[in-house]
Amino acid sequence: MTRNLLPLLLIAVSVALFYLHIDPRYQDVKALSDEKSQYVQALTKAGELKNVATELLGKYNNISQDNLLKLEKLVPDTLNTVKLVADINAIAGKYGIALEGIRVTEKTSDSAQQVETGENSPKYNTTTVSFSFSATYENLTLFLTDLEKSLQIVDIKSVDFDSDVENTNASYDYSVSFQTYWLK
Numbered sequence: 000m001t002r003n004l005l006p007l008l009l010i011a012v013s014v015a016l017f018y019l020h021i022d023p024r025y026q027d028v029k030a031l032s033d034e035k036s037q038y039v040q041a042l043t044k045a046g047e048l049k050n051v052a053t054e055l056l057g058k059y060n061n062i063s064q065d066n067l068l069k070l071e072k073l074v075p076d077t078l079n080t081v082k083l084v085a086d087i088n089a090i091a092g093k094y095g096i097a098l099e100g101i102r103v104t105e106k107t108s109d110s111a112q113q114v115e116t117g118e119n120s121p122k123y124n125t126t127t128v129s130f131s132f133s134a135t136y137e138n139l140t141l142f143l144t145d146l147e148k149s150l151q152i153v154d155i156k157s158v159d160f161d162s163d164v165e166n167t168n169a170s171y172d173y174s175v176s177f178q179t180y181w182l183k
């Protein structure tokens, strides 16, 4: 009878040993193996990102200083309203235009509304610049063409004009409004 009982006892001990000791250890090893593969994936992704960052830094360093200055003027990090107005005055001065009533209005974004609607906030701010002047139509078109071709991005929003019946020199009164952009 002991001869039949001993094998059954060994089988019962083996089953108990498997479920109480071996299987939990196996599950721990399996979890650690999965965690290791996640770390390996993260390291691989980090290496790829480092290569991309190195490549982008190399491209950035290959940009000439002159082009960097042009890019800074195209979309500046901060808006220097004095310099912007001086640049506009310089362009206007080429055509004998004297600007009057210059107004600079920065548009503020409504962060609370963007959070509620889930919209991504834009990475730039806009500023509206408006002014008035007197000039001939030809000088107006030349001025606006130069203003649009200047390095700073401007979107002309409105051009209003008024003529004086008594004015004999073909000069008109204009009001111009445009938007310019700068990074946040």
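Numbering (numbering that gives the first Met the number 0), first residue to last: 0 to 183.
Every residue gets a Cβ at the ideal spot worked out from N, C-alpha and C, and that includes glycine.
Y59 sits away from Y123, with the two beta carbons spaced by 7 Å or more.
V74 sits in coil when the DSSP states are folded into three classes, being neither helix nor strand. Residue pairing by DSSP places I155 opposite F177 in a beta bridge. The beta carbons of K156 and S176 sit closer together than 7 Å. Taking a C-beta distance under 7 Å as the contact criterion, K69 and L143 do not qualify as a contact pair. Boundaries of the alpha helix (DSSP H) around Y136: 136 to 148. With contacts defined as CB atoms closer than 7 Å, E105 and T77 fail to qualify as a contacting pair.
Proximity to A134 across L4, N88, I96, L9 peaks at I96, based on C-alpha coordinates.
For G100, the enclosing beta strand (DSSP E) stretches over residues 99 to 106. Residue pairing of D172 in beta bridges, as defined by DSSP: S133, D161.
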